[in-house]
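The opening position of the sequence shown corresponds to residue 129 in the numbering used here, with each subsequent residue numbered one higher.
The C-beta atom is built at its ideal place from N, Cα and C for all residues, glycine as well.
Structure, as structure tokens:
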Amino acid sequence: MKTRREFLKLSTLGLGGIALSAIADNFTKDPKALEKLLKGAGSGGFSLRTPTYCEICFWKCAGWVYKNEKGEIQKIIGNDEDNQCNGRLCPRGTGGVGMFSDEDRLKTPMIRVSGKDGQTFRQASWDEALDLIAEKLKIIKEKYGAESVALFTHGSGTEYLETLIKAYGSDNIAEPAYAQCKGPREAGFLATFGAGLGSPEPTDIRDTRCLVLIGSHIGENMHNAQVQEMSDAIDKGATIITVDPRFSTAASKSKFWLPIKPATDLALLLSWIHVLIHEGGYDHAYVEKYASGFDQLKTHVQPFTPEWAYGITTITPDVIRKTAREMANASPAVIVHPGRHVTWYGDDTQRSRAIAILNALLGSYGKRGGFYLPARALLKNVPLAPFPEPKWTWRNIVNYPFADVGITNAIVDATLVNKPGASSVKAWMVNGTNLPFTMPDTKRTLKAIQNLEFLVVIDTMPMEITGWADVVLPECTYLERYDKLRNVPGRVPQLALRMPAEKPLYSSKPDYWIATQLASRMKISSWFPYKTMEERLEDDLKFIGSSLSEMKKIGVKTLPRETDDFLYIPDGADYEFGTGSGKIELYSKDFEEAGFDPMPVYTRHPEPPEGFYRLSYGRAPMHTFSRTSNNPNLFDLKKEPSLWVNPKVATHWGLKNEQKVYLENQDGVVASFPIKVRITERIRWDSVYLYHGFGHTDKRLSRAFGMGTSDAELITRVNTDPLCGGTGMRGNFVTFKLDKEA
Ligand code: MGD
Ligand code: SF4
């Protein structure tokens, strides 16, 4: 029988006589040790300027880390050659050094042990921790099969750990960046154009004449080059149309702000399609040449007049028509932006399909000022043996036919299966993702964790997930390690190098080292043909005619596009889309055959009950998810979120600015910590709004602990998208719990 897992804090750390490296020991005994090391760091052999790419968010801007003569890291600035940042990092990227210097960082491997006083962590050596993991995984494989081990991962280490787990024999691998983020838009665009959008999305904002943002708040959501291009486009006179229940920063820059009633966007999109078709404003030549299913679409949207949509969205027919005409006038240099975090109401693939269809009608896909056709570098492909074939995957547990990436929530479901003999997950490896804050319904995630026989967490910080682990492995930060070349798709292929600006602090180690060490213990090293990341980089760079020494000097290398590889579809040229028919599919036979609507259909979503408000959440410009709230530099910029409340609501409840309140959701869940009220006209009266990623519950995060409310905790109602498994999270309602003193 399993023992119930207790949440462990570093304060309970037992020092059980384990021999540790001197450096790690220093940091637990001497709080000044960090300061001393930072002062003297790098004096041995580090150059003054080293290239990196940022890990504070997934945009991966390339930059330079500068050190002074004493070897102290001074600043990180953008690399001028880099198209992701054009030489300018956002405030978070500039503050990235705080990730390195944060004294709360994980310092040594730790192992959970049980004693007469309950459970505790004790420090361990790397050998001991890695041996234990290899041994446990061996036992679990013999007992339940390799498939019973799952990997949750996010960030640069993903590829190495994926290789490890696949070589071990499991394909139960999932990233929150799909089912909690962009999964539905990938599925919607794939069904329409035969290609997903990837990251960064190929929006040609710098040349656009009209940018439509639907619940996508570029500006607060700091996607670096995208923000810069939007600002340039505005200067050049582009029209911005923002659809958001909240007067966001983007809304303040917009010609049209449509404060839509939450959960009704699909009705507006269908009505825009109606106006474009019925007023003839769509791109006739483009649609005729490249699209199929137009006649069915025309009939389908016939009833969706602006007058119909007005009753649902509260946007007046006049504004719906005017904005549709604005898009038509700018066509094809128009972008109806696909958004990024699009898991809202459970019908998100269909909403993303409607966005894809609108772009198709406007002729913007593959056109200047619309969506360009991205390119990336071709790197060396080292032939390796095929991975062992798993007997089952998460796909055998749940049916999301249009998911093309592992679904985190499906792995949680598979972990909750208790039937003897049934396929179920028994062990997790979690890398770079703080699941209690990332997955909706924290309680359910924790219930799944209680069902596990073994949990390994690799992280840089003592985030909530580490408190549930059996073994915690401290990864060094991106400023202390090599990683594979950054090879993101863009207008031209560009490679960027990340190398250590500093030796790993404490006894932290890079993911690549961790993966190869485990592979060697698990006797699956043949899937790791390079001993070190430097060896691999050298080989990759040789393949494209460069070298590590060249990349250390330039940081970013731009490669030419292939001659027949167009940035835009030439006017009138034949072009085969990646769909089954080779055409843009306005009518999806694939969806129809799988039992789904071939064209998007509006469905009504529940509204807040009396006295409740829709819980809306988004990004703070100076933070990324939950990973930065404890970063000393970024904490100084924004310590805690506030709750946006409409003045009418504030008056009704007698709320004052800065007053701290507890929120309670429709299922009676009360937030662990209160949040400060900010009374503002910028939010509709039927919703409240807060920043995601705050309200940490782990005291080891000395700054972020208890600062504000965590949205994840209050998101207990999840509407899962049946097409791709995305977890719709915006159907939750909250009220003020004023009887609880804050
Ligand atoms: P974070 O909460 O920032 O985001 O989900 P996550 O990636 O889980 O957790 C990142 C973890 O990575 C932290 O524990 C951090 O310490 C660790 N970390 C940082 N750098 C490194 C490193 O170099 N190595 C290792 N090993 N670990 C590192 C993001 C996901 O969340 C996404 S993409 C979206 S869009 C969703 N957003 C969202 C939301 O807005 N609201 C709610 N309620 N949930 C959401 N979930 C999704
Ligand atoms: Fe770093 Fe900001 Fe670029 Fe994200 S947008 S990678 S945080 S500099």
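Problem set entry | LEU339 in three-state terms, based on DSSP | Residue 339 sits at position 211 when you count from the first residue of the sequence shown. LEU339 falls in the strand class under three-state DSSP.
For this session: Flag this pair as touching only if the stretch 571–588 and the stretch 608–628 have three or more C-beta atom pairs under 8 Å; answer yes or no.
Result: These segments do not touch.
Exercise. How many angstroms separate the CA atom of ARG313 from the CA atom of PRO466?
Worked result: Counting from 1 along the sequence shown, the entry for residue 313 is found at position 185. Counting from 1 along the sequence shown, the entry for residue 466 is found at position 338. Distance between the alpha carbons of ARG313 and PRO466: 7 Å.
For this session: Output the distance between the C-alpha atoms of PHE914 and PRO179, rounded to the nearest integer angstrom.
Result: Nothing in the structure corresponds to residue 914, since the chain is present only between 129 and 870.
For this session: Spell out a yes or no on whether the stretch 409–424 and the stretch 482–494 are touching, meaning 3 or more CB-CB pairs, one atom from each, closer than 8 Å.
Result: Short answer: they touch.
Problem set entry | Range covered by the beta strand (DSSP E) that runs through PHE553 | Here residue 553 is taken as the residue at index 425 of the sequence shown, counted from 1. As written in the sequence, residue 553 is Val, which differs from the Phe given in the question. That residue, VAL553, is in no beta strand (DSSP E); it is neither H nor E in DSSP.
For this session: Give the straight-line distance between the Cα atoms of LEU771 and PRO749, rounded to the nearest whole angstrom.
Result: Start at 1 with the first residue of the sequence shown, and residue 771 comes out as number 643. Start at 1 with the first residue of the sequence shown, and residue 749 comes out as number 621. Using only the alpha carbons, I get a separation of about 16 Å.
Exercise. Count the other CB atoms within 10 Å of the CB of SER654; is the residue buried (16 or more) or exposed (fewer)?
Worked result: In the sequence shown, the residue the question calls residue 654 occupies position 526. Classification of SER654: exposed, given that the 10 Å Cβ count is below 16.
For this session: Specify the secondary structure class of ASP587 as computed by DSSP and reduced to three states.
Result: Here residue 587 refers to the residue found at position 459 when the sequence shown is read from its first residue. In the structure shown, the three-state DSSP call for ASP587 is strand.
For this session: Would you check if there are 3 or more beta carbon pairs closer than 8 Å linking the stretch 215–234 to the stretch 339–353?
Result: These segments touch.
Problem set entry | Cβ neighbours of ILE807 in the same chain (closer than 6 Å, five flanking residues each side left out) | One-based indexing of the sequence shown puts residue 807 at position 679. Closer than 6 Å at Cβ, skipping near neighbours: VAL773, PRO775, ALA778, ASN785.
Exercise. Counting Cβ pairs, one atom from each stretch, are 3 or more of them under 8 Å apart for the stretch 529–536 and the stretch 255–273?
Worked result: Here the stretch 529–536 makes no contact with the stretch 255–273; the two share fewer than three CB pairs at distances below 8 Å.
Exercise. Do GLN308 and THR855 have their C-beta atoms within less than 8 Å of each other?
Worked result: Looking up residue 308 in the sequence shown gives position 180. Looking up residue 855 in the sequence shown gives position 727. Yes.
Exercise. In its own chain, which residues sit with a C-beta less than 7 Å from the C-beta of ILE151, not counting the 5 before and 5 after it?
Worked result: As a position in the sequence shown, residue 151 is number 23, starting the count at 1. Low local confidence applies: a pLDDT of 31 at ILE151 is under 50, so the model's placement there is unreliable, with the coordinate-based value given in what follows. The residues are TYR634, SER635.
Problem set entry | Alpha-carbon spacing of ASP446 relative to PRO434, whole angstroms | On the sequence shown, residue 446 is found 318 positions in, with the first residue counted as 1. On the sequence shown, residue 434 is found 306 positions in, with the first residue counted as 1. Using only the alpha carbons, I get a separation of about 8 Å.
For this session: Report the rounded CA-to-CA distance for ASN300 versus SER551, giving the unit in angstroms.
Result: Here residue 300 corresponds to residue number 172 of the sequence shown, with the count starting at 1. Here residue 551 corresponds to residue number 423 of the sequence shown, with the count starting at 1. Answer to the nearest angstrom: the Cα atoms are 12 Å apart.
Exercise. With respect to 7 Å, is the separation between the Cβ of MET350 and the closest non-hydrogen atom of the ligand SF4 below this value?
Worked result: Residue numbering aside, residue 350 sits at position 222 when the sequence shown is read from its first letter. Yes; taking the cut-off as 7 Å, the Cβ of MET350 has a heavy atom of the ligand SF4 nearer than that.
Problem set entry | Beta-carbon proximity list for THR291, same chain, < 6 Å, skipping 5 on both sides | Here residue 291 refers to the residue found at position 163 when the sequence shown is read from its first residue. So the qualifying residues of the chain are TRP655.
Exercise. Rounded to whole angstroms, how far is the Cβ of GLU768 from the Cβ of PHE822, which I believe are closer than 8 Å?
Worked result: In the sequence shown, residue 768 corresponds to position 640, counting from 1. In the sequence shown, residue 822 corresponds to position 694, counting from 1. So it is a contact: roughly 6 Å between Cβ atoms.
Exercise. Over what stretch of residues does the beta strand (DSSP E) that includes ASN793 continue unbroken?
Worked result: Position 665 of the sequence shown, counted from the start, is the residue given in the question as residue 793. Where ASN793 is concerned, the enclosing beta strand (DSSP E) stretches over 791–793.
Exercise. Taking just the CA atoms, how far does ARG481 sit from GLY322?
Worked result: In the sequence shown, counting from the first residue as 1, residue 322 sits at position 194. In the sequence shown, counting from the first residue as 1, residue 481 sits at position 353. Going by the C-alpha atoms only, they are around 12 Å apart.
Problem set entry | Top-ranked residue by Cα proximity to VAL545, from TYR528, ASN559, ASN524 | Residue 545 sits at position 417 when you count from the first residue of the sequence shown. Between VAL545 and the set TYR528, ASN559, ASN524, the nearest pair of CA atoms involves ASN524.
Problem set entry | Spatial distance of PRO516 from ALA274 (CA atoms) | Translated into positions along the sequence shown, residue 516 becomes position 388. Translated into positions along the sequence shown, residue 274 becomes position 146. Across the structure, PRO516 and ALA274 are spaced so that their CA atoms are roughly 10 Å apart.
For this session: Would you please state the rounded distance, in angstroms, between the beta carbons of LEU394 and PRO728? I believe it to be under 8 Å.
Result: Here residue 394 is taken as the residue at index 266 of the sequence shown, counted from 1. Here residue 728 is taken as the residue at index 600 of the sequence shown, counted from 1. Contact between LEU394 and PRO728 holds: their C-beta atoms lie close to 6 Å from each other, under 8 Å.
Exercise. For chain B, is any of its Cβ atoms less than 8 Å away from the one on PRO502?
Worked result: Among the protein chains of the structure shown there is no chain B, as only one such chain exists.
Problem set entry | Between the CA atoms of GLY700 and ALA437 - distance to the nearest angstrom | In the sequence shown, counting from the first residue as 1, residue 437 sits at position 309. In the sequence shown, counting from the first residue as 1, residue 700 sits at position 572. Rounded to whole angstroms, the gap between the alpha carbons of ALA437 and GLY700 is 35 Å.
Exercise. What's the C-alpha gap between ILE485 and PHE422?
Worked result: What you label residue 485 is simply residue 357 of the sequence shown in a count that begins at 1. What you label residue 422 is simply residue 294 of the sequence shown in a count that begins at 1. Taking the straight line from one Cα to the other gives about 10 Å.
Problem set entry | Classification of HIS820 by the beta-carbon crowding that lies within 10 angstroms, buried from 16 upward | Mapped onto the sequence shown, residue 820 falls at position 692. Classification for HIS820: buried.
For this session: Consult DSSP for LEU743 and reduce its assignment to one of helix, strand or coil.
Result: Position 615 of the sequence shown, counted from the start, is the residue given in the question as residue 743. Residue state, collapsed to three classes: strand.
For this session: Measure the C-alpha to C-alpha separation of ALA391 and VAL540 and round it to an integer number of angstroms.
Result: In the sequence shown, residue 391 corresponds to position 263, counting from 1. In the sequence shown, residue 540 corresponds to position 412, counting from 1. Computed Cα separation, rounded: 27 Å.
For this session: Could you tell me if VAL277 is buried or exposed, where buried requires 16 or more neighbouring beta carbons within 10 angstroms of its beta carbon?
Result: Along the sequence shown, one-based indexing puts residue 277 at 149. With at least 16 other beta carbons inside 10 angstroms of its own, VAL277 counts as buried.
Exercise. How many Å lie between ASN487 and ARG845 at the Cα?
Worked result: Counting from one through the sequence shown, the residue named residue 487 turns up at place 359. Counting from one through the sequence shown, the residue named residue 845 turns up at place 717. Approximately 32 Å between the Cα atoms of the pair.
Exercise. Should ILE843 be listed as close to the ligand MGD, given that the test is whether its C-beta is under 7 Å from any heavy atom?
Worked result: Indexing the sequence shown from 1 puts residue 843 at position 715. Yes, Cβ of ILE843 sits closer than 7 Å to a heavy atom of the ligand MGD.
For this session: Specify the secondary structure class of HIS428 as computed by DSSP and reduced to three states.
Result: The residue you call residue 428 lines up with position 300 of the sequence shown. Residue state, collapsed to three classes: helix.
Exercise. Around the Cβ of GLY708, are there at least 16 other Cβ atoms within 10 angstroms (buried) or fewer (exposed)?
Worked result: Here the question's residue 708 lines up with position 580 in the sequence shown. With fewer than 16 Cβ atoms within 10 Å of its Cβ, GLY708 is classed as exposed.
Exercise. Any chance the CB of LYS188 is under 7 Å from a heavy atom of the ligand SF4?
Worked result: Working through the sequence shown from its first residue, we reach residue 188 at position 60. At least one heavy atom of the ligand SF4 sits closer than 7 Å to the Cβ of LYS188.
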